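K.L.:
To convert, count from 1 in the sequence shown and add 17; that's this note's numbering. We put the CB at the ideal spot given by N, CA and C, even for glycine. Just so you know, these numbers come straight off a predicted model, no measurement behind them. Below is a structure I'd like to ask you about.
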Amino acid sequence: MTLALLCVRLRQRAILHMLLACLCSGWIYCVAVAADVPLDSLSQAVVDSLAHPPRTAATELLDAAIKASDVEASGVAKDYFKKLADVLEAAGDKRLDLLADLGDFADSGSLLRLQRTLGPSDPSVGPIVAAISEASRLRRRDPNRLSRAAQDLRAGSYAVRLAAIDRLAHARVDALPVLVDLLQTDDPAGQQARSLARGLVYDLRNDAIQPLLTWLDSDDLPHWPGVIAAIDACQNDAAYALLLAPACVPGTPPAAQERAIAALVLHAQRCRQAAGDWGDGSVPQGGHERDVPDASAAIAIISQRLDHVLTPAGLPSTDHLLPQTNERVERFFWNAAANQLVSVKLTPRTARSLEASHLARDLLALGVSDPDGVRLVLLSQLEEMLVTFENQVGGPAEIPAENPVQDLEKAKDPAKDLARGPTQDLGTLTKQIDPKQLEAALTGPDGLDPIVVAEVLSMALEREMPEAAAAAIHVLENAYAHERNGSTTTLPPTTRKLLVHLLDASDDTLAYAAARSLVLSAGDPPYAGSSRVLAVLLRMATAHGTDRAIIAHPDVAVAQRLAADVSRHGYQTVRVSTGRAAVLAARESCDTVLVLLAARLTHPTVMETVQFIQQPGAGKSPPVMIVVDPLDDDARGKKLTRLIL
Numbered sequence: 018m019t020l021a022l023l024c025v026r027l028r029q030r031a032i033l034h035m036l037l038a039c040l041c042s043g044w045i046y047c048v049a050v051a052a053d054v055p056l057d058s059l060s061q062a063v064v065d066s067l068a069h070p071p072r073t074a075a076t077e078l079l080d081a082a083i084k085a086s087d088v089e090a091s092g093v094a095k096d097y098f099k100k101l102a103d104v105l106e107a108a109g110d111k112r113l114d115l116l117a118d119l120g121d122f123a124d125s126g127s128l129l130r131l132q133r134t135l136g137p138s139d140p141s142v143g144p145i146v147a148a149i150s151e152a153s154r155l156r157r158r159d160p161n162r163l164s165r166a167a168q169d170l171r172a173g174s175y176a177v178r179l180a181a182i183d184r185l186a187h188a189r190v191d192a193l194p195v196l197v198d199l200l201q202t203d204d205p206a207g208q209q210a211r212s213l214a215r216g217l218v219y220d221l222r223n224d225a226i227q228p229l230l231t232w233l234d235s236d237d238l239p240h241w242p243g244v245i246a247a248i249d250a251c252q253n254d255a256a257y258a259l260l261l262a263p264a265c266v267p268g269t270p271p272a273a274q275e276r277a278i279a280a281l282v283l284h285a286q287r288c289r290q291a292a293g294d295w296g297d298g299s300v301p302q303g304g305h306e307r308d309v310p311d312a313s314a315a316i317a318i319i320s321q322r323l324d325h326v327l328t329p330a331g332l333p334s335t336d337h338l339l340p341q342t343n344e345r346v347e348r349f350f351w352n353a354a355a356n357q358l359v360s361v362k363l364t365p366r367t368a369r370s371l372e373a374s375h376l377a378r379d380l381l382a383l384g385v386s387d388p389d390g391v392r393l394v395l396l397s398q399l400e401e402m403l404v405t406f407e408n409q410v411g412g413p414a415e416i417p418a419e420n421p422v423q424d425l426e427k428a429k430d431p432a433k434d435l436a437r438g439p440t441q442d443l444g445t446l447t448k449q450i451d452p453k454q455l456e457a458a459l460t461g462p463d464g465l466d467p468i469v470v471a472e473v474l475s476m477a478l479e480r481e482m483p484e485a486a487a488a489a490i491h492v493l494e495n496a497y498a499h500e501r502n503g504s505t506t507t508l509p510p511t512t513r514k515l516l517v518h519l520l521d522a523s524d525d526t527l528a529y530a531a532a533r534s535l536v537l538s539a540g541d542p543p544y545a546g547s548s549r550v551l552a553v554l555l556r557m558a559t560a561h562g563t564d565r566a567i568i569a570h571p572d573v574a575v576a577q578r579l580a581a582d583v584s585r586h587g588y589q590t591v592r593v594s595t596g597r598a599a600v601l602a603a604r605e606s607c608d609t610v611l612v613l614l615a616a617r618l619t620h621p622t623v624m625e626t627v628q629f630i631q632q633p634g635a636g637k638s639p640p641v642m643i644v645v646d647p648l649d650d651d652a653r654g655k656k657l658t659r660l661i662l
C-alpha cells in the first residue's frame, strides 16, 4: 500500500513538472507537440509510400518533402528537406541548373505551402525556396531559350509546337519580346506561328498591355509594327486610344502606321458587331472609309482618356494583400540594350504620370489646339516634371540586365525594390526646381499665358494634385511679381479671386503659397479678401505644427478608444495595426511626438518596433509608451511589465 502511494505521488510529481515545463516553454512547446502528434491512417500510409523505394534525386526529395508536409508530417518533411539541402550543397557549379530543375518540377503554390509549414521552425527553408523560384524564373526568361521556343512554333510537329507553347506560356511577360519579333513578320509560311503567338498574347491580356504600351512609347521604332500587332492581340478597349497617334500622325513609319490602321479597323468592326459603338461609348465623327478617326476625332478620344487618367480614379491601385506593399505598383520598361522587359517598382503617382505623359505626347503630335486639350497637356507636363525631379532627388534607379543566383544566401530577397524616394514637402519642392523649368512645362502653343496657368491651377485643385497646384502658384508669382525698375503687373481679377479662395485650403503649404503670391503680385490692397492675407501669413509665421500620436494596436476597437482618449489632449492620431506600420508612420512626419504600442504587436514584436523607432539616423526619436494588457501578461508572470519598468 505504501509502495503504491509512493508510485502515485511520483507520477503526480512528474505530471506537475511536465505542466510547469509546458507553461514555461510557451508556444514553442506547443509547436513541438503539434509536430509530434500521431498521424492518422491515411497520412501514415502516405509517409510509408514515400520510404520505398528510397529517394536520392533532388526532385524526388523535394516531392517527398512537399507530400509529407501536405499531410502534416512535419518531422518527415524536415528530414527529406535536409537531405535536399545536402544534395544542393554537393552540387557545386551545377547548383544553379539543379535549382532551376526543381523550380520547373514543383509549382509555386506547392513551394509556398512548404515554406509556410516548415519555415517557422527551420530558417534554411525560406532561402532555399526563394533560390528555387528565382533560378526557375531566370531560366524561363533566358532569351536564347525563349528564342528557340518561338522558332519551334513554326515546326511541323504538333508535339514540338505544344512544348514551345508551354515554355512561352510559363515565361509570361518575359516572352513578349520574342512574340513581338514573331508578330512582326509577314511571310506566308509563318501564318500558323503568328496565330499561336497572338493566342499567347491574348492569354496574357491585362498583364501584357502595360509593358506593350510602354514599349510603344519608347524610341524603338523598328519594333513598333510588332508591338502594335501584340496590342491588337490583347483586344483591350482602353489601349486602342494609344494607337490613334501612330495611325493618324504624318511621318509615322509606314509599317507601323499600316499595322495601327489595320488594328483600329478590326477593333471598329468588333465593336460594331458587339454594341454598335467605338468601344468607349462614343461614335467618332469624321472617320474616313477605313473606320479610322481623323485627327480631330482622335484628339477628342485621347483627351477624354487623359482627362480620366489625371484624376484620383486614374491612380493605379496597389495590392494590399501583400505583406510588404510599401504602396508600390509594378511597371515594365523596355531595355533595348538587353533586349528584354525590366520590372520596376513605382509609386502610383509616378505610374499615373507615365501613362499621362504618353497620352500628352500623342496629343501634341496630333496638333491639339482646343483649350481643354491644351490645359490637360500642360497639367500632364507639369506633373511629369515634378515627378521626375522628385525621383532624381530620391536617388537614381539602376535597372540591372540580369540577377543571377550565385548561392543560396543571395536568394533570400530575389525581388529588388527599385522605387525612388518619397514625395518632398511642397514648399521645398517648388523652391528647389528651376523656375524656367516650371515655366517651360506650362508653356502652351501661344507661349506662357498666366490666365492659362491659373486655369491649370484650378484643374490641379479639382483633381487633388497639390504638388502641381503649388508649382502653378509659383509660376504665377514669378509672372506677376514686382519688377526691379519699379513697374508692376497685377494679377487678373479671376486669378486673384482663385488665390483668395485658396487661403482657406486644407493644405497649409498651398494656403501660404497663395498668400505669398497675393502679397507679391496682386497689387495694393484693398481688394476682396485682402484682409485675410495678413491673417494667413501671421498664422503661418507663429504655427508650431500639429502634434501627431501613433496608436499601434491589433485590436481595432482598442485602437479607436486609445485614439479618442489621446485626441482629447490636442493630438492628431494615426491608427495602425502592426509594428512595421508604426515604424513607417513614425518616420513619415517630424510632427510625431508620441507613439503608443500594444504589447501584443507582431511583425515585428513590440521591443523590435521600439528599437526601429529609436535607432540613430531616423531623426529625433519620439517618446514611446507600451500598452500592456494585464490579462496578456499574467500568464507570463508579468515578465513584460517587469522588463518595461
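How is the alpha helix (DSSP H) around Arg585 delimited, first residue to last?
P.N.:
For this step, residue 585 is matched to residue 568 along the sequence shown. Note, Arg585: premise wrong, no alpha helix (DSSP H); not H, not E.
K.L.:
Let me make sure I understand the geometry here. Which of Tyr544, Asp525, Ser523 and Val550 has the alpha-carbon closest to that of Ser534?
P.N.:
Taking the first residue of the sequence shown as position 1, residue 534 is located at position 517. Comparing Cα positions, the closest option is Val550.
K.L.:
Taking Thr609 as part of the beta strand (DSSP E), name the residues at either end of that continuous run.
P.N.:
Here residue 609 refers to the residue found at position 592 of the sequence shown. Element bounds for Thr609: Thr609 to Ala615.
K.L.:
Pair every Cβ in the segment 233-240 with every Cβ in the segment 205-223, then say whether three or more of these pairs are closer than 8 Å.
P.N.:
They do not touch, by the three-pair rule.
K.L.:
Using 8 Å for Cβ pairs, my map puts Phe98 next to Thr231. What's the rounded Cβ distance?
P.N.:
Along the sequence shown, read from residue 1 onward, the residue named residue 98 stands at position 81. Along the sequence shown, read from residue 1 onward, the residue named residue 231 stands at position 214. In fact, because the Cβ distance is near 40 Å, the residues do not count as touching under 8 Å.
K.L.:
Within the same chain, show all residues whose beta-carbon is closer than 6 Å to that of Phe629, passing over the 5 residues directly before and after it, in chain order.
P.N.:
By 1-based counting over the sequence shown, the position of residue 629 is 612. Closer than 6 Å at the Cβ level, and outside the excluded window around Phe629, lie Val600.
K.L.:
For Val623 and Ala457, I'd like the C-alpha separation in whole angstroms.
P.N.:
To locate residue 623, count along the sequence shown from 1; it is residue 606. To locate residue 457, count along the sequence shown from 1; it is residue 440. In a straight line, the C-alpha of Val623 is about 50 Å away from that of Ala457.
K.L.:
Can you tell me whether Pro144 is buried or exposed? The criterion is at least 16 other CB atoms within 10 Å of its CB, across all chains shown.
P.N.:
Counting from 1 along the sequence shown, the entry for residue 144 is found at position 127. Under this definition Pro144 is a buried residue.
K.L.:
Compare the Cα-Cα distances from Ile319 to each of Thr269, Leu259 and Gln454 and report the closest residue.
P.N.:
Taking the sequence shown and counting its residues from 1, one reaches residue 319 at position 302. Among Thr269, Leu259 and Gln454, the Cα nearest to that of Ile319 is on Leu259.
K.L.:
Determine contact between the segment 455-474 and the segment 389-408, defined as no fewer than three beta-carbon pairs at a distance below 8 Å.
P.N.:
The segment 455-474 is in contact with the segment 389-408.
K.L.:
State the DSSP-derived secondary structure class of Arg565, mapped to helix, strand or coil.
P.N.:
Position 548 of the sequence shown, counting from 1, holds the residue named residue 565. In this structure, Arg565 counts as strand in the three-state DSSP scheme.
K.L.:
Check whether the Cβ atoms of Ala68 and Ala117 lie closer than 9 Å to each other.
P.N.:
What you label residue 68 is simply residue 51 of the sequence shown in a count that begins at 1. What you label residue 117 is simply residue 100 of the sequence shown in a count that begins at 1. Cβ distance not < 9 Å, so Ala68 and Ala117 don't count as in contact.
K.L.:
When DSSP labels each residue in this structure, what does Val645 get in the three-state scheme?
P.N.:
Reading the sequence shown from its first residue, position 628 is the one you call residue 645. Three-state result, Val645: coil.
K.L.:
Could you tell me if Lys111 is buried or exposed, where buried requires 16 or more neighbouring beta carbons within 10 angstroms of its beta carbon?
P.N.:
Counted from its first residue, the sequence shown places residue 111 at position 94. It counts as exposed.
K.L.:
Starting from Lys453 and walking both ways along the alpha helix (DSSP H), at which residues does that stretch end?
P.N.:
By one-based count along the sequence shown, residue 453 stands at place 436. Counting along the chain, the alpha helix (DSSP H) containing Lys453 begins and ends at Pro452 to Ala458.
K.L.:
With 16 as the cutoff for other CB atoms within 10 Å, does Gly109 come out buried or exposed?
P.N.:
One-based indexing of the sequence shown puts residue 109 at position 92. Gly109 comes out exposed.
K.L.:
Please list the terminal residues of the continuous alpha helix (DSSP H) segment that includes Gln357.
P.N.:
Indexing the sequence shown from 1 puts residue 357 at position 340. Segment Gln357 to Leu363 is the beta strand (DSSP E) holding Gln357; no alpha helix (DSSP H) there.
K.L.:
Could you round the C-beta distance between Ser538 and Glu494 to whole angstroms and report it? I think they count as a contact, below 8 Å.
P.N.:
Taking the sequence shown and counting its residues from 1, the one referred to as residue 538 is at position 521. Taking the sequence shown and counting its residues from 1, the one referred to as residue 494 is at position 477. Confirmed, about 6 Å.
K.L.:
Going by beta carbon distance, what residues of the same chain come within less than 6 Å of Thr559, once the five residues before and after it are set aside?
P.N.:
On the sequence shown, residue 559 is found 542 positions in, with the first residue counted as 1. Nothing meets the Cβ criterion.
K.L.:
Which of the three DSSP states, helix, strand or coil, is assigned to Gly503?
P.N.:
The count along the sequence shown starts at 1 and reaches residue 503 at position 486. Note that Gly503 has pLDDT 48, beneath the 50 cutoff, so the model's placement of it is unreliable and the number below is only indicative. The answer is coil: DSSP assigns Gly503 none of H, G, I, E or B.
K.L.:
Which same chain residues end up closer than 8 Å to Arg130 when comparing Cβ atoms and leaving out the 5 residues on each side of it in sequence?
P.N.:
As a position in the sequence shown, residue 130 is number 113, starting the count at 1. The residues are Ile83, Ser86 and Asp87.
K.L.:
Starting from Trp351, follow its DSSP beta bridges and name the residues at the other end.
P.N.:
Position 334 of the sequence shown, counted from the start, is the residue given in the question as residue 351. In the DSSP output, where bridge partners are listed per residue, Trp351 has Leu358.
K.L.:
Between Ala485, Gly331 and Ala277, which lies nearest to Leu395 when the distance is taken from Cα to Cα?
P.N.:
The count along the sequence shown starts at 1 and reaches residue 395 at position 378. Taking only the C-alpha atoms, the option nearest Leu395 is Ala485.
K.L.:
Nearest CA to the CA of Ser638: which residue from Val612, Leu618 and Val644?
P.N.:
The residue labelled residue 638 in the question sits at position 621 within the sequence shown. When each option's Cα is compared against that of Ser638, the closest is Val612.
K.L.:
If you reduce the DSSP assignment to three classes, tell me which class Arg513 lands in.
P.N.:
Against the sequence shown, residue 513 aligns to sequence position 496. Three-state DSSP puts Arg513 in a helix.
K.L.:
Is it a yes or a no for the segment 185-203 touching the segment 309-323, going by three-plus beta-carbon pairs under 8 Å?
P.N.:
Flag = no, the segment 185-203 and the segment 309-323 do not touch.
K.L.:
Pairing CB atoms from the segment 169-178 with CB atoms from the segment 218-231, are three or more of them under 8 Å?
P.N.:
Contact between the segment 169-178 and the segment 218-231 is absent, because fewer than three Cβ pairs lie under 8 Å.
K.L.:
What whole-angstrom Cβ distance do Ala102 and Ser141 have, given they're in contact under 8 Å?
P.N.:
Here residue 102 is taken as the residue at index 85 of the sequence shown, counted from 1. Here residue 141 is taken as the residue at index 124 of the sequence shown, counted from 1. Ala102 to Ser141, Cβ: 6 Å. Contact.
K.L.:
Per DSSP, Arg592 is paired with what?
P.N.:
Indexing the sequence shown from 1 puts residue 592 at position 575. Answer is Ile568, bridged to Arg592.
K.L.:
Who are the near neighbours of Ile530 in its chain, counting only those whose CB is closer than 6 Å to its CB and skipping five residues on each side?
P.N.:
For the purposes of this step, residue 530 is taken as residue 513 along the sequence shown, with counting starting at 1. In the sequence under discussion, the amino acid at residue 530 is Ala, which differs from the Ile named in the question. Ala487 and Ile490.
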